[in-house]
Structure formats: structure tokens, C-alpha cells
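Numbering-wise, my numbering comes out as the position in the sequence shown, counting from 1, plus 140.
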Amino acid sequence: MTTTAAGAQARPILLADYTPPPFLVDQVALDFDFQRDYVLVSATLALRRNPQAAADAPLVLDGEDLETLSVAVDGVELAAAQYTLTATTLTLAADAAVGETCTLRTQVRIRPDENTRLSGLYRSADGYFTQCEAQGFRRISWFPDRPDVMARFTVTLHAERERLPVLLANGNPVGSGEEAPVTPGGRARHWARWEDPFPKPCYLFAIVAAKLDVLRDEFTTGSGRRVQLAIYVEPGKLDQCGHAMAALKQAMRWDEQRFGLECDLDHYMIVAVGDFNMGAMENKGLNIFNTKYVLARPDLATDHDYEGIDRVVAHEYFHNWTGNRVTCRDWFQLSLKEGLTVFRDQEFGADVHQRSVARIREVRTLRAAQFPEDAGPMRHPVRPSAYVEINNFYTATVYEKGAEVVRMIHTLLGEDAFRAGMDLYFARHDGQAVTCEDFVSAMADASNVDLAQFMRWHERAGTPRLVARGQHDPATQRYTLTLTQLPPAPVAGAKADEDAVTPLHIPVTLGLLGADGADLPLRLVGEDAGAAAPTTRTLSLTAPTQEFIFENIGATPAPSLLRNFSAPVRLDLPASDDELALRMAHDSDAFNRWEAGQQLASRLILGAAARLAATPDNADTSAIAREAVAKDWPASFAAAAARILDAVIDGRSADPAFAAEALALPSEATLAEEMAVVDPDALFAARMDLRRFLGTQLSERLHTLYASLAPTGAYQPTSADAGRRALRHLCLDLIAAADPAAGCALAARQFAAADNMSDQYAALVLLAHHGGAAAEQALADFHARWRHEALALDKWLLAQATSRRPDTLAVVRRLLAHDDFDLRNPNKVYALLRGFGANHVRFHAADGAGYRFMAEQTLALDAINPQVAARLARCFDRWRRFDAARQAQARAALARLAAHAGLSRDVAEIVQRALA
Ligand code: TRP
Ligand code: ZN
């Protein structure tokens, strides 16, 4: 490990070092006394030596930023010599009377008003909230802060009644009442007590003490138990909770129907808070949510926001079984709960919305975020084997690739056996803290499918490559498909993964298309000729190379591989433009129809970008450069796109959402992964020019659709309506790409006429890209209208930060000083700063200004909130993929970060890995 100022003390935690906890906690009683400037926390722990651990291990508790007031064992206060305090541990001396069991009472003072990290107990506008995953509980009280210690919690809260009228904790309310003021004539106080009947790890602990409004409802489970539902929000926002409540009930029903899982709670509460590091948190019975994933009203939330709410509400609810009833043994197993729960929320989305479009969007995210991560300095297996700061491992790999790993098991086993595996998993492990092996074993045992080799997916970093070659033999009427798996491409600066040569178990779902585009029956040599041959099947590739021979194939077919994206790999399959066009038009697998179009588009953009990069001075997208690119766009691509639009125009396809996905080009982040040396200017110019080409060629159709897809009634966030809007916005985008004046005029009209945020925001983004008076006007109007709505202001910031205009960095700098920006609020940071970091062509500006800016902001934020600062620092992940001049700029910015004394462990880990 390199020794920089901050990195010197950052020792990695290793999976191999796991040992069971020396002490278990059966019961814990917590008492929170909210005073004006601080909170007193008393914790009474019923401790017991773990028979599974060394009998003489000392009792060590975790803590952080705690002011310890007293420590007592079995009712007797300890003398100072009987325990040792460090900044992060409380260790009881051997003579502190800790026997087989004991009762430990600690009293601490904490200062939530000063807690800007938003981990532990902290203040937000309407009161106090907690975030304990992964290691925030130690910032509240001394405790063995690890997920394999599961305790029964009782919580009592005391606070001023006026200021903090709502007092919540996990579980069931068991008492409440008035309390005398602290000082005579002082403010009236009250108390409330909650008891959680389920043992849980402390990362699932939560309390809220705040002034909030509540929307109540009720849900009756399949077996007839009644669950009280409540959503708590900032006063005055009850009109924005209806959608989240409906989503919650829909998710509860779905989990009963699809997985036979009923809610085990009497009370299920969701609390929305404006200051929150991530999306939401699945605390037992008391979820705490970023307002972004609760609040929605047609004029304030986009279709994308509505869908996000559906998914996140479902995700946190599904955690109640996958995460809470069965939890993780240690944080290396994070994907056990996150990968599985993402898979479940994806399936929920697919079942209640549109399955094929949902899958396309999942793969888009995977390729834009996870593939780059897996090829960069932060690459790690779905189950990492080492970390410095666990908060840095809530990643696309753990979540999204983790979900792909679960999905592959589902593909290999089929729905029924997968369900049997889930049932067995819960039968075996309910109430336990387990590992990824335990999950895979349950799946294997319930299905009799051997998953031993499959388990390697959890341990292997990087995106594997799948090479496919087909050979048709007219004489035997056979088609031989040779599949070869190759380890992930080597990463610049990293040593080769020694283990990566052992083969993975890769499910390859495929079909073969005849010349007319129809599926051929798939019969492998040696299979029973009598049985009906399927047209889609899943092959198991388990060796480095395998041949699959299909019979009765009359002519060379077009292979359609990885249908539904059956494995998270990079596919190397040569295909002519004509073959891709055939599959784009006819593949019976919707995902692969989309995929063929994406491949065709990538090929065109990358080819043009390479030609542009080779021409001197491509820094501006000058007319000459454009001409050179434009000459090469093939009419056949526009024709294929035209066919997709025609199918919507003449009503043959009732699926505008699919059309919108099919015509949206791959993102720059995704395309950049395919370039030997990334030239962001050439990539940007080429991609823009292909859009201009489509806009020109399809102009008439685009205008027709833009008009015919106009809203006909009141806004509804249904997937059908959202699909129409998505296609309409795409049409507008292409119109503007070809004819900015016409496009901006339409956008300005759409902006003014919109009765919903989807239409309004799409127009705003488009105008912000083009700039000029219309953009200024729209931004000013938008701000004036929504200046009291925090989530709308995030959109206002994001639209400006992601603008492709050359002066965007200057605009972002100005916005930093705006009253509506606040470095302490993660949503604002994500909108303005990470939004800019995702602005490929502007963040990676040749002069390095984007890099210097991001380093400077990361440092400023690190002093406030290291978790979020570390997420910002991830903007540098791909720096080695650019040209030498940009690399030098990025390295200098990273080196400045690394040299900073007092850098957090969070940011230090990201920076050191980037520089290693
Ligand atoms: N477990 C949460 C989820 O995926 C996310 C989460 C992890 C989180 N760590 C966090 C949320 C820190 C807020 C802050 O649902
Ligand atoms: Zn989760």
C-alpha cells in the first residue's frame, strides 16, 4: 500500500479474518433524552459469552464520537481503571466482573446537531433521524457493531412535545405519556416507548424524533393479519405521499403472490427525510427514505421519479425478508441481501410494468455504471475479500451485478425450482446471519442443480468475455456454435487475476434466426428427435471452450445470443450490418432486438469517433469535421429506425416505450469503454452527429409522432402513458438535433404548456443543452415557480450541470454560490457536482479544469460528509483510459487529494486505488 498522508493508517479488513463475536447481546434497552444541544443515550445490554468463540476473549465495544459519561456492570459503576477507552473502542478489563453473562450499562452524550456525516443520529429540517447501516450505530451508543450480533431492542424517547411531537422507533408502541418540563415553567415534554419483538442487528435500528405529518392506511395480509401502514413527511406534504403508499401495498401483495412472503409486522412505517446519504434504508418496521423516493405529484415528479419510487419502496419492503429476517454474517456478504433484493425489485418492476423494457433499462444501467466499475480501480467481486471503508462497497457491482448473479441462478433453475430454493433458504436460515454460500446451497439443494462452479461468480472481479463463432455445414445440415470464455480484459496498472483462468458457469440463452428472421427449432445432436424442439434455450457453458451442434439447420442462421441478457458478459460475435438489421427488425427476443440496434449504433459512432480523433484539432465540433463524419452514416441505419417509428405511427406496435429505448443511442460512458484511448470530444461529436443524421432523415415521422403522442387527458404515471411520453421526448430531442431552432421552439412551447413535470423537465433539459434566451427564460421560470420545492430545485441544478454547452463548468461554479445550493445536502451534491462529473465531454475537458474542480469540491465536502465525498471522488475512476495530457491533469488532481492531511478513510481508499 502506498503511504500518503492519509493512507498510512488505513488498514484493510479481510474476509479471511472473520471470527465469531466473543459476546452476544440478547436484549438491549435504549433511552434517548433529547435536550436542546445534545442527546443523552443510556444503553443497557444483556450480554452473554458466545459458546462459539474463545472463552477468554475480552469484551470490546465499538463507538465513534461518543462522550462517555459512565460505565456500569451489573449495576455497579466501574472505576476508570476497569475499562479502557480509545477513540473507537471501549474495552472492559479482565477484572470488570464480566462472567458468562452480565448487564452492561453505558451512558453517553452525543451531539446530533453537529453531525454533518448523516451517519448515526443527526438533525434535518424537521427533527432528528438515524442512519445506522453500515456502521452508524456506534455513533449512537457503545455496542458490538456487527451484523452477526442480533438483539431484541426496547427504546424509550423523551423530548419536548412542541418541538418534536412524533417519537418513533422500530417495532410496536407500548407506552407514551406526558413528562414534567426540565425546568419549572419550562417547555412541556413527552415520552414514548417502542418494543421490537424481532431480534435484529444494530444496523437495522432506527429512531425518529421530529415534527411530521402522517398518511395512514392498512393492509390485510393473505392470512388475514392486519398491518398498520404510515408514511411520515414534512408538514404540508401529505398530498405527495399517495403514490408511495399505493406502491407499498402493491409490493406487499406481490411478495405474497410471487414468493409466498407475508409481512410479519403490526406496524410498517416510512419516514421521508430531505438530508440522506443514499436512497432509502430498510430499518425493521421503520424505513427511512430520501424524500426523492417518497414524494410525488404530477406537477413535481417525472415518470422516472414515479418509477424510482415504485422500485425503492418495493426494494426496502422486500428487505424485510431478504436482509432483515435473514441477514448478513459480515459486510463482505452485502450482496446476499442487496443483490437478491435488487433482483426482487427488478422482478416486481417487470411484473407490474413492462418486462422487456424493464430488462433493457437494467442492462443500460449495468453497462453504464457496473461495467466501467468492473474495469477500473474500484473493481471488486460481488463478494469482496477486502475493504478499507465498507461504505465504499455499496456499489453497482454489489447491487447490480449481484442481482445479475441471482438472475443467472433463476435462469439456470427456472421459476419453480428458484422458488423452491427461496423457500428452503428461509426454512433453513430464518432469524440467522448467513453467507452467500448459504444462499447458493439452498438453491442447489432445492433444485439438484450443481452450483459449485457457479459460486465463482461471487469471487471473480471483472466482466468476462464470451467469444462465439458459428459454422454451418450444408452437407450435414448442422450448425456448430463454439463458445469460448475469456477472463476479463486486463486492467491498466493492475496485476493479472491469477484465478481468472478457471472457467465460470455461464448460462447462454439463445435462438437461431432463419433468413426471414423467424426462429428455428433448436435440437442438439443426440437429443430425442421425437420431442418438440424449443426455439429459445439456455446452454450451460462450464468449460473454457465448448461446441454445441444443432441439427436440421438448412442454411447459415443468424445467432441471437444472450437473449434477455442471460449473463453479465461482453459478447464477441461477428455480425454484418445486415445481420444486425435483420435481428433489429425480427428477433423474437425484445432485448436482443434492442441490442442489435445498440450494436449497430455503437459501431457507427465508434468508427466515426476514430476518424474524427485521427483528424487534427477535433477540439471543436466544427462544420468541416461534421461533414466528414456525416458522409459516412449509412441510410440503412435510418431506415431501420424509420421502421420502428412506422410501427408506432401506423399502430402495428403498441409499444412506444420500446421504440424510445430502441432509438436512444448508447451513452458516452458506455461507448467510452470500447475505445482504446478515450477521446471525449470526438466521441461527443460523433454521437451528436448521428443524432443529427437521424433527426434529418426521420424529420417528417418525428414531427408526426410528436404531435400524435401529445397528451390527451390528465397526467397518469402509468407505464403506458410514460412510454408515450418517453417516445415523444425522444422525437423532440432528435428534431432539435437536426434543427435546433425548430426543436427549441417546440420545447419552449412544451415547457410553457406542461401540466406535469415529465414534459416540463424534458423541455428544460433540452433547452439547457442549447442555451440562449429561451433557456435562460425557462430556467428563470422554473426557479421562480419551484423555489420552495427542494426536489424540483435539484432538477434545476441537474439540468444545468449536465448541459453540454461549453461554458457549463463556469455555470456550475456560479451555482455553487447560489442560495439554493448546499454542500451539506447530499441531493444537492448529487445534482450539481456528480451531475457535472457525469457530463462526459465537459468533465473530461482537455485543460483539466473539470478535474481540478472535482478535486477541490471533494476536499471541501470531505470535511463535512466523507461518505458522499467518496462517491464524488469516484468521478475519477476512468482517468487512465484517456490520452496522456488528460491523464497528467487527472493524476495531478488526484495527487493533490492524496496529499491532503486529514483526508477521510473513505476518500483516501478511492484515491489510493485510483493512483495505485
Ligand atoms: N441498505 C440500503 C438499501 O440498499 C442502502 C444503504 C446502505 C444506505 N448504506 C446506507 C442508505 C447508508 C443510507 C445511508 O436499501
Ligand atoms: Zn438494499
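Idealized CB from N, CA, C, for every residue including glycine.
Query                                                                                                                                                                       : Result
In terms of residues, what are the limits of the beta strand (DSSP E) holding Asn-1059?                                                                                     : The question about residue 1059 has no answer, for the chain in this structure spans 141 to 1056.
Name the DSSP beta bridge partners of Val-580, please?                                                                                                                      : Per DSSP, none; premise fails for Val-580.
Specify, as a first and last residue, the run of the alpha helix (DSSP H) that Tyr-901 falls within.                                                                        : 897–910
Using alpha carbons as the reference points, say which of Arg-484, Trp-1019, Asp-404 lies closest to Pro-512.                                                               : Trp-1019
Where does the unbroken beta strand (DSSP E) through Val-248 begin, and where does it stop?                                                                                 : 241–250
Examine the ligand ZN and report whether any of its heavy atoms sits within less than 7 Å of the Cβ of Thr-505.                                                             : no
Assuming Arg-278 and Pro-339 are in contact, meaning their beta carbons sit under 8 Å apart, how far apart are those beta carbons, in whole angstroms?                      : Not a contact, Cβ separation roughly 19 Å.
Express the C-alpha separation of Glu-801 and Arg-1045 in angstroms, rounding to a whole number.                                                                            : 40 Å
Give the list of continuous beta strand (DSSP E) stretches no shorter than 3 residues that lie fully inside the stretch 387–469.                                            : 407–413, 426–430
Excluding the 5 residues preceding and the 5 following Ala-134 in the sequence, name in chain order all residues of the same chain whose CB lies nearer than 6 Å to its CB. : Coverage of the chain is limited to positions 141 through 1056, which leaves residue 134 absent and any answer about it impossible.
Using 7 Å as the cut-off, classify the Cβ of Thr-537 as near or not near the heavy atoms of the ligand ZN, replying yes or no.                                              : no
Output needed for Leu-937: all residues of its chain with C-beta closer than 8 Å, excluding positions within five of it in sequence on either side, in chain order.         : Leu-955, Asp-960, Phe-961, Lys-968, Ala-971, Leu-972, Gly-975
When you compare the stretch 717–729 with the stretch 607–618, are there three or more beta-carbon pairs, one atom per stretch, that lie closer than 8 Å?                   : no
What residues in its chain sit with their C-beta under 6 Å from that of Arg-451, if we drop five residues either side in the sequence?                                      : Asp-485, Gly-489
Return the residue from the list Leu-701, Ile-530, Asp-336 that minimises the CA-CA distance to Pro-152.                                                                    : Ile-530
Could you tell me whether the stretch 323–334 touches the stretch 354–365, where touching means 3 or more Cβ pairs closer than 8 Å?                                         : no
So does His-455 have its beta carbon nearer than 7 Å to some heavy atom of the ligand TRP?                                                                                  : yes
Are the beta-carbon atoms belonging to Glu-487 and Val-538 less than 8 Å from one another?                                                                                  : no
Which residues in the same chain have their Cβ closer than 7 Å to the Cβ of Gly-561, if we skip the five residues on either side of it in sequence?                         : Leu-553, Ala-582, Met-583, Ala-586, Ser-587
Taking the C-alpha atoms as reference points, what is the distance between Ala-274 and Ala-221?                                                                             : 31 Å
Can you find a heavy atom of the ligand TRP that lies under 7 Å from the Cβ of Gln-486?                                                                                     : no
Ordered along the chain, which non-local residues of its own chain (more than five positions away) have a Cβ less than 7 Å from that of Thr-143?                            : Bear in mind that the predicted position of Thr-143 carries a pLDDT of just 35, short of 50, making it unreliable; the figure below should be weighed with that in mind. Once the five neighbours on either side are set aside, Thr-143 has no close Cβ partner at all.
Cβ atoms of Arg-523 and His-598: under 8 Å apart, would you say?                                                                                                            : yes
Below 8 Å between beta carbons: does that hold for Phe-731 and Arg-507?                                                                                                     : no
With Ala-509 and Ala-536 assumed to form a contact (beta carbons below 8 Å), what rounded beta-carbon distance in angstroms separates them?                                 : 4 Å
Could you tell me which whole alpha helix (DSSP H) segments of length 4 or greater appear in the stretch 963–1026?                                                          : 966–969, 980–983, 989–1002, 1006–1013
Going by other Cβ atoms of all chains shown within 10 Å of its Cβ, with 16 needed for buried, is His-383 buried or exposed?                                                 : buried
Quick one: what's got a C-beta closer than 7 Å to Asp-934's C-beta in the same chain, skipping five residues either side?                                                   : Asn-967, Lys-968, Ala-971
Can you tell me whether Ala-1059 sits near the ligand TRP, meaning its C-beta is under 7 Å from at least one heavy atom of the ligand?                                      : Because the chain in this structure spans residues 141 to 1056, residue 1059 falls outside the shown range and cannot be described.
From the DSSP secondary-structure annotation, give me the bridge partner or partners of Trp-331.                                                                            : His-298, Gly-317
Applying the 10 Å Cβ sphere with the 16-neighbour rule, what's the burial state of Pro-820?                                                                                 : buried
Tell me the DSSP secondary structure of Asn-758 in three-state form.                                                                                                        : At Asn-758 the pLDDT is 49, less than 50, meaning the model places this residue with poor confidence; the figure from the coordinates comes in the next sentence. Of the three classes helix, strand and coil, the one that applies to Asn-758 here is coil, per DSSP.
Just checking Glu-422 against the ligand TRP - is the residue's beta carbon closer than 7 Å to any of the ligand's heavy atoms?                                             : yes
Per DSSP, what kind of secondary structure is Tyr-372 in: helix, strand or coil?                                                                                            : strand
Rounding to the nearest angstrom, what Cα-Cα distance links Leu-931 and Gly-694 in this structure?                                                                          : 59 Å
Do three or more CB pairs link the stretch 936–952 to the stretch 975–987 at distances below 8 Å?                                                                           : yes
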